[in-house]
Amino acid sequence: MNFCPDCGGKVEKNSVYCPTCGYALNTIIQGDAEKDKKIRDLEQKVAHLERSLESKSGRKSPIPQNFPFWIIPVTVIAFFGMFALIIFIVLSR
Ligand SMILES: [Zn+2]
């Protein structure tokens with residue numbers, strides 16, 4: 656047994672309209688239930704994200720605060736340095 660969300664009257668499970676007030680039941684109930692579920696899922700995701708952000712000392716970035724950004728240019732320079740060294744060795748033979 657379901658209840659009408661509009662008037663609160665008892666309605667059969669499969670009825671499309673509320674017998675008391677004529678409210679369109681099935682579509683509304685299913686649509687709302689699905690929407691509510693999606694909203695709850697989203698709220699849970701947002702809450703989870705907020706918790707995980709708070710646990711990372713409140714910083715709103717997935718990259719940690721102490722990430723060594725200098726390592727990127729150093730790696731690139733080291734790579735090209737090695738490359739140039741190999742070419743130099745090959746050419747100097
Ligand atoms: Zn009703």
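If you count the sequence shown from 1, you need to add 655 to reach my numbering.
C-beta: ideal position from N, C-alpha, C; glycine also.
Supposed close pair residue i, residue j - CB separation, criterion 8 Å
i: Val666; j: Leu680; result: 6 Å
Distance, residue j Cα to residue i Cα
i: Ala739; j: Arg748; result: 15 Å
i: Pro660; j: Lys693; result: 19 Å
i: Cys704; j: Phe722; result: For the record, residue 704 in the displayed sequence is Leu; it is not Cys. Rounded to the nearest angstrom, the two C-alpha atoms are 20 Å apart.
i: Met737; j: Glu689; result: 58 Å
i: Leu708; j: Gln720; result: 12 Å
i: Ile718; j: Val731; result: 20 Å
i: Glu676; j: Met656; result: Note on residue identity: the sequence assigns Cys, not Glu, to residue 676. The straight-line gap from Cα to Cα measures roughly 17 Å.
i: Asp691; j: Ser710; result: 28 Å
i: Ile727; j: Ile741; result: 21 Å
Extent of the continuous alpha helix (DSSP H) to which residue i belongs
i: Val729; result: Ile726 to Leu746
Buried versus exposed call for residue i [16 or more other C-beta atoms within 10 Å across all chains shown]
i: Cys673; result: buried
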